[in-house]
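S.K.: The following block contains the structure, expressed as structure tokens.
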Amino acid sequence: MPPLALGKGPGPLRRWFVVGLGVATCGLFGLTFVVDRFGQRESSLPAEVGVVLGARVLPGGVPSPALRARIEKAVDLYHRGLVSRLLFSGGVGTHPPSEAQVMRDVAVRLGVPAEACLLEEQSHSTEQNARFSTRLLRELGVHRVVVVSDPYHLLRARQYFRLEGFEVSTSPALLSERHLSAPDRFYWTVREAIALLVHPRVLLARAPAG
Numbered sequence: 001m002p003p004l005a006l007g008k009g010p011g012p013l014r015r016w017f018v019v020g021l022g023v024a025t026c027g028l029f030g031l032t033f034v035v036d037r038f039g040q041r042e043s044s045l046p047a048e049v050g051v052v053l054g055a056r057v058l059p060g061g062v063p064s065p066a067l068r069a070r071i072e073k074a075v076d077l078y079h080r081g082l083v084s085r086l087l088f089s090g091g092v093g094t095h096p097p098s099e100a101q102v103m104r105d106v107a108v109r110l111g112v113p114a115e116a117c118l119l120e121e122q123s124h125s126t127e128q129n130a131r132f133s134t135r136l137l138r139e140l141g142v143h144r145v146v147v148v149s150d151p152y153h154l155l156r157a158r159q160y161f162r163l164e165g166f167e168v169s170t171s172p173a174l175l176s177e178r179h180l181s182a183p184d185r186f187y188w189t190v191r192e193a194i195a196l197l198v199h200p201r202v203l204l205a206r207a208p209a210g
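Residue numbers for the sequence shown follow full-length UniProt numbering, beginning at 1 and rising by one.
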């Protein structure tokens, strides 16, 4: 009886695919860890303007819990004297009015003077938050900003504002429901890591010289 034939091992293409998949998976979860750790740190420094990035508005113009947490964090920065103005950035989503307008109205009710509030009401993405806010900030001669958002969002947000040439520090809204819920925190953080991996230009953006 002939000896049993040994099964053939995986071909070179399959081996490289498995290796590549492993490297990509390690890279994704490694970056997920970095995104999560970065978002936990309060790194706000005195700046000319605090830029607050929008989130969902509920029916009737009610701020979602995530949006409310961002507003309250920004108002705290203002009352502590870390920023002298707040720029609220976010367009109209599923429910009007604009995210920026809802944020401004809540901030005013929380004691921020209306004249200290700026609105950017056209953006519908993080990239647009940075690009459209830049138009207003440049008119004011602003060079340094504090960006306020959910923890998972802050690394990518900082990178987009760096690409626009700003010195950026960040301040996390740690009381956001997306942060306090472990499944939501994991989902949104992985999502951010993927967004950074597919846009290496954003991931590698450096602080402006000088």
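Glycine is no exception: its CB is placed at the ideal position from the N, C-alpha and C atoms.
Please classify Gln101 as buried or exposed, where buried requires at least 16 other C-beta atoms within 10 Å of its C-beta.
M.R.: When all chains shown are included, Gln101 counts as buried.
S.K.: Let me check understanding here. Comparing Cα to Cα, which of Leu180, Leu163 and His153 lies closest to Thr170?
M.R.: Thr170 has its Cα closest to that of His153, out of Leu180, Leu163 and His153.
S.K.: Compare the C-alpha of Leu53 against each of Ser181, Pro96 and Leu67 and name the closest.
M.R.: Looking at the Cα atoms, Leu67 is the closest of the given residues.
S.K.: Taking the alpha-carbon of Thr94 as reference, which of Glu127, Gln128, Pro59 and Leu118 has the nearest alpha-carbon?
M.R.: Ranking Glu127, Gln128, Pro59 and Leu118 by Cα distance to Thr94 puts Pro59 first.
S.K.: Report buried or exposed for Leu180, applying the criterion of at least 16 other Cβ atoms within 10 angstroms of its Cβ.
M.R.: Exposed is the call here.
S.K.: Note down the Cα distance separating Ala69 from Gly27, rounded to an integer number of angstroms.
M.R.: If I take the Cα positions, the gap works out to 31 Å.
S.K.: Which whole-angstrom value is the C-beta distance of Val83 and Ala47, which I expect to be below 8 Å?
M.R.: Their Cβ separation, rounded to whole angstroms, is 6 Å, which keeps Val83 and Ala47 in contact under 8 Å.
S.K.: I need the DSSP call for Ala47, collapsed to helix, strand or coil.
M.R.: Looking at Ala47 - three-state DSSP - the assignment turns out to be strand.
S.K.: Between which two residues does the alpha helix (DSSP H) containing residue 248 stretch?
M.R.: Nothing can be reported for residue 248: it is not among the residues displayed for the chain, which extend from 1 to 210.
S.K.: Comparing alpha-carbon positions, which option in Leu137, Val108 and Arg158 lies nearest Ser44?
M.R.: Considering only alpha carbons, the answer is Arg158.
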